[in-house]
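Residue numbers (the numbering used here): 3 to 432.
Since the structure comes first, as structure tokens, the remarks are kept for the end.
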């Protein structure tokens with residue numbers, strides 16, 4: 003095999019490949035034998051028809067296509083190994099000239115990984131703003147625990163308050179027309195945590211039981227139903243029931259009920275331990291990010307647009323899945339935000355992700371950092387715990403999704419390089 007290499011822009015190389023006629027004929031003959039096993043030709047058993055009869059029946063081009071499909075993986079592997087190419091995607095054939103009895107000529111293009119020029123990535127000193135635990139964190143934690151053990155009681159001797167839960171009827175109208183799906187009977191709503199239109203829940207406060215009243219609201223400009231976006235609406239309401247939470251008393255008896263504590267002080271000490279751990283974790287993550295951002299900002303790499311476009315395509319698919327999980331569609335997002343705005347944002351993110359990945363790969367290469375089987379198993383275990391699935395079932399499910407194992411390996415490598423950078427640089431909390 004003879005090859006001629008020509009460098010082209012955007013980290014692409016053009017490769018002219020010439021396969022000797024005898025080797026090309028072998029590719030062709032082997033392909034013909036394979037195809038003969040699956041073709042029904044009158045008068046011949048499968049696999050027994052002469053080559054010329056097979057060619058008359060399915061055509062030479064079909065055999066050549068089969069020959070190339072089977073030969074190209076090895077041909078490309080040899081070209082890549084011989085020239086020490088670091089490719090980032092599958093090579094593709096631009097043209098070929100395949101005539102029996104002549105040398106096989108193939109013109110292919112390979113996209114190479116961009117060269118990464120790292121700046122200093124060890125021995126750096128980076129300043130990071132220290133995380134301050136909010137002064138009211140202890141009280142909020144205690145309030146949260148008390149709220150979890152609160153009892154709900156029905157009240158009848160007062161009007162609604164902003165932290166009540168109510169049961170009510172509502173019937174909505176906009177521009178004189180009844181709003182589709184804009185009504186309900188005996189609907190339960192937590193006034194403090196409402197996902198209704200802004201201003202809706204607030205107008206249900208200070209209302210009496212069985213009182214007929216109306217509230218005026220305006221749908222958000224970006225509301226998913228275009229007909230209602232930005233439009234005023236009137237809702238007729240009547241409250242049938244008011245419920246409120248009654249918090250338990252914070253005492254030693256309560257502390258013993260919620261955990262392995264004898265006193266309130268022990269409960270508070272446990273909360274403080276959690277808050278201290280949380281602060282340490284946040285400081286660590288902020289420190290790792292600051293070091294990594296410093297390293298990537300100093301790195302120089304000329305990324306071809308094709309890599310960014312492929313990454314952007316993956317981000318589009320991730321975004322579609324995220325929208326679907328929230329009950330929205332891609333078309334609704336495009337209508338609300340604009341196609342160009344979405345794509346420009348995703349391409350910016352894609353460019354950052356590609357550069358980060360390239361920098362991580364270069365550091366891993368220089369420092370001989372790799373992902374071991376134990377590293378990969380640890381990622382699988384972490385994932386199985388997150389989704390509460392045993393590791394064997396997790397592997398079986400993941401094997402049905404192409405590329406997921408590579409993604410897990412990349413995650414493990416990212417973490418090992420991040421840890422390496424954290425250990426080899428200094429962070430000063432300020």
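Glycine included, C-beta positions come from ideal geometry on N, C-alpha and C.
Quiz prompt | Selection from 7, 408, 187 and 72 that minimises the alpha carbon distance to residue 242 | solution = Here the question's residue 242 lines up with position 240 in the chain shown. Cα-wise, what sits closest to residue 242 is 187.
Quiz item: Taking C-beta to C-beta, are residue 356 and residue 313 nearer than 8 Å?
Solution: To locate residue 356, count along the chain shown from 1; it is residue 354. To locate residue 313, count along the chain shown from 1; it is residue 311. Closer than 8 Å, so yes.
Quiz item: Taking residue 131 as the reference, which of 331, 324, 292 and 309 has the closest Cα?
Solution: Along the chain shown, read from residue 1 onward, the residue named residue 131 stands at position 129. For the residues 331, 324, 292 and 309, the minimum Cα distance to residue 131 belongs to 292.
Quiz item: What residue ranges within the segment 125–163 form continuous beta strand (DSSP E) runs of no fewer than 3 residues, ordered along the chain?
Solution: You should have 127–130 and 153–157.
Quiz item: Quick one: is residue 7 buried, meaning 16 or more other Cβ sit within 10 Å of its Cβ, or exposed?
Solution: Numbered from its first residue, the chain shown carries residue 7 at position 5. Answer is exposed; the Cβ neighbour count stays below 16.
Quiz item: Straight-line CA distance for residue 217 to residue 240?
Solution: On the chain shown, residue 217 is found 215 positions in, with the first residue counted as 1. On the chain shown, residue 240 is found 238 positions in, with the first residue counted as 1. Those two C-alpha atoms are separated by around 11 Å.
Quiz item: Which term fits residue 158, buried or exposed, when burial requires 16 or more other beta carbons within 10 angstroms of its beta carbon?
Solution: Residue 158 sits at position 156 when you count from the first residue of the chain shown. When all chains shown are included, residue 158 counts as exposed.
Quiz prompt | Contact set for residue 91: own chain, Cβ-Cβ below 6 Å, skip 5 residues either direction | solution = Taking the first residue of the chain shown as 1, we reach residue 91 at position 89. Result list for residue 91: 113, in chain order.
Self-check item: Enclosing alpha helix (DSSP H) for residue 408 [first to last residue]
Solution: Here residue 408 is taken as the residue at index 406 of the chain shown, counted from 1. Looking at the DSSP string, the run of the alpha helix (DSSP H) that includes residue 408 is 406–425.
Quiz item: Given 8 Å as the limit, is there contact between the segment 340–349 and the segment 361–381, that is, 3 or more CB pairs closer than that?
Solution: no
Quiz prompt | Close Cβ partners of residue 392 (< 7 Å) along its chain, the five nearest in sequence each way excluded | solution = Translated into the one-based positions of the chain shown, residue 392 becomes position 390. Counting only Cβ-Cβ distances below 7 Å, and skipping sequence neighbours, we find 386.
Quiz item: How many angstroms separate the CA atom of residue 262 from the CA atom of residue 275?
Solution: Counted from its first residue, the chain shown places residue 262 at position 260. Counted from its first residue, the chain shown places residue 275 at position 273. The alpha-carbon atoms of residue 262 and residue 275 are separated by roughly 15 Å.
Quiz prompt | Inter-residue Cα distance where the pair is residue 115 and residue 382 | solution = In the chain shown, the residue the question calls residue 115 occupies position 113. In the chain shown, the residue the question calls residue 382 occupies position 380. C-alpha separation (whole angstroms): 28 Å.
Self-check item: Segment limits, beta strand (DSSP E) that includes residue 305
Solution: Reading the chain shown from its first residue, position 303 is the one you call residue 305. Residue 305 -> no beta strand (DSSP E), and no H or E assigned at all.
Quiz item: Which residues bound the alpha helix (DSSP H) around residue 395?
Solution: Along the chain shown, read from residue 1 onward, the residue named residue 395 stands at position 393. Looking at the DSSP string, the run of the alpha helix (DSSP H) that includes residue 395 is 393–400.
Exercise. Assign residue 75 to buried or exposed, taking buried as 16 or more other Cβ atoms, counted over all protein chains shown, within 10 Å of its Cβ.
Key: Counting from one through the chain shown, the residue named residue 75 turns up at place 73. Residue 75 comes out exposed.
Self-check item: Residue(s) in a DSSP beta bridge with residue 106
Solution: Here the question's residue 106 lines up with position 104 in the chain shown. DSSP, once it has assigned bridges, lists 21 as partnering residue 106.
Quiz item: Is residue 37 closer than 8 Å to residue 60 when the C-beta atoms are compared?
Solution: Here residue 60 is taken as the residue at index 58 of the chain shown, counted from 1. Here residue 37 is taken as the residue at index 35 of the chain shown, counted from 1. Yes, the pair counts as a contact, with Cβ atoms nearer than the cut-off.
Quiz item: Straight-line CA distance for residue 20 to residue 71?
Solution: Residue numbering aside, residue 20 sits at position 18 when the chain shown is read from its first letter. Residue numbering aside, residue 71 sits at position 69 when the chain shown is read from its first letter. Spanning the two alpha carbons is a distance of roughly 16 Å.
Practice problem: Compute the Euclidean distance between the alpha carbons of residue 307 and residue 397, then round it to the nearest angstrom. | Solution: If you number the chain shown from 1, residue 307 lands on position 305. If you number the chain shown from 1, residue 397 lands on position 395. Whole-angstrom Cα-Cα distance: 34 Å.
Quiz item: Okay, do the segment 185–202 and the segment 162–172 touch, 3+ Cβ pairs below 8 Å being the bar?
Solution: Counting Cβ pairs under 8 Å, three or more are found: they touch.
Quiz item: Secondary structure at residue 377, three-state DSSP: helix, strand or coil?
Solution: In the chain shown, counting from the first residue as 1, residue 377 sits at position 375. DSSP places residue 377 in the helix class (H, G or I) of the three-state scheme.
Quiz item: Looking at C-beta atoms only, is the number of pairs between the segment 9–20 and the segment 94–110 that lie closer than 8 Å three or more?
Solution: yes
Quiz item: For residue 102, which residues from the same chain have a beta carbon less than 7 Å from its beta carbon, with the 5 sequence-adjacent residues on both sides left out?
Solution: As a working note, residue 102 is residue 100 in the chain shown. Excluding sequence neighbours, residue 102 sits near 27 and 30.
Quiz item: Mind checking whether residue 209 and residue 163 have CB atoms under 8 Å apart?
Solution: Looking up residue 209 in the chain shown gives position 207. Looking up residue 163 in the chain shown gives position 161. Against a cut-off of 8 Å, the Cβ pair of residue 163 and residue 209 comes out as no contact.
Quiz item: Whole beta strand (DSSP E) runs in the segment 48–109 with 3 or more residues, listed along the chain?
Solution: 94–99
Exercise. Would you check if the distance between the CB atom of residue 419 and the CB atom of residue 128 is smaller than 8 Å?
Key: The count along the chain shown starts at 1 and reaches residue 419 at position 417. The count along the chain shown starts at 1 and reaches residue 128 at position 126. Their beta carbons are not under 8 Å apart, which means residue 419 does not touch residue 128 by this criterion.
Quiz item: Mind checking residue 174: buried by the 16 CB within 10 Å criterion, or exposed?
Solution: For the purposes of this step, residue 174 is identified with residue 172 of the chain shown, where counting begins at 1. Its Cβ being crowded by 16 or more others within 10 Å, residue 174 is buried.
Practice problem: Identify whether residue 258 lies in helix, strand or coil by the three-state DSSP scheme. | Solution: The residue you call residue 258 lines up with position 256 of the chain shown. Residue 258: helix per DSSP, three-state reduction.
Practice problem: Following the continuous alpha helix (DSSP H) through residue 297, name the residue where it begins and the one where it ends. | Solution: As a working mapping, residue 297 is identified with position 295 in the chain shown. Segment 266–300, the alpha helix (DSSP H) holding residue 297.
Quiz item: Which runs of the beta strand (DSSP E) spanning at least 3 residues fall entirely within the segment 175–203, listed in chain order?
Solution: 179–192
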